[in-house]
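Trainee:
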Amino acid sequence: MIISKPEKVEPIIIDDGKIEKRILIGSKDGAKNFVMRLFRLQPGANTPYHSHDWEHEIFVVKGKIQAVTKNGKFEAEQGSFIFVKPNEEHQFVNIGDEYAEFICIIPYMPNNE
């Protein structure tokens, strides 16, 4: 069993510091089925608009994000959850005045951490 806190995990810096990604639980911990990641987006920051072959589950920990899909834009705030289906195009945008954080759980596959 591993018990820790996100601040003890070194962030991966993306987009000149506008986005931080922390792999909270992954293959380095012996996880063979899922990867749990924590993303922190600065105000106005966004993930790329993209899709992939696997589903993932999102839980908004802090702030307010906009989920962008081909079917529209949807707001999710602290305590909300989002299910992204396999191959569904999506993007997340921090639409708040402070940083936003969300947990993203995906199936483990080599090179998707």
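FYI, the numbering for the sequence shown is 866 to 978, going by the working numbering.
Built from N, CA and C at the ideal position, the CB exists for glycine as well.
(1) Taking contact to mean at least 3 C-beta pairs separated by less than 8 Å, is the region 898-907 in contact with the region 873-886?
(2) So, is N959 buried or exposed, given that buried needs 16 or more other C-beta atoms within 10 angstroms?
(3) Measuring CB to CB, does I968 end up less than 7 Å from F899?
(4) Mind checking which residues open and close the beta strand (DSSP E) that includes Q931?
(5) Quick one: is F948 buried, meaning 16 or more other Cβ sit within 10 Å of its Cβ, or exposed?
(6) From the DSSP output, which residues share a beta bridge with M901?
Mentor: Result, derived from the coordinates:
(1) yes
(2) buried
(3) no
(4) K929 to T934
(5) exposed
(6) I890 and I970
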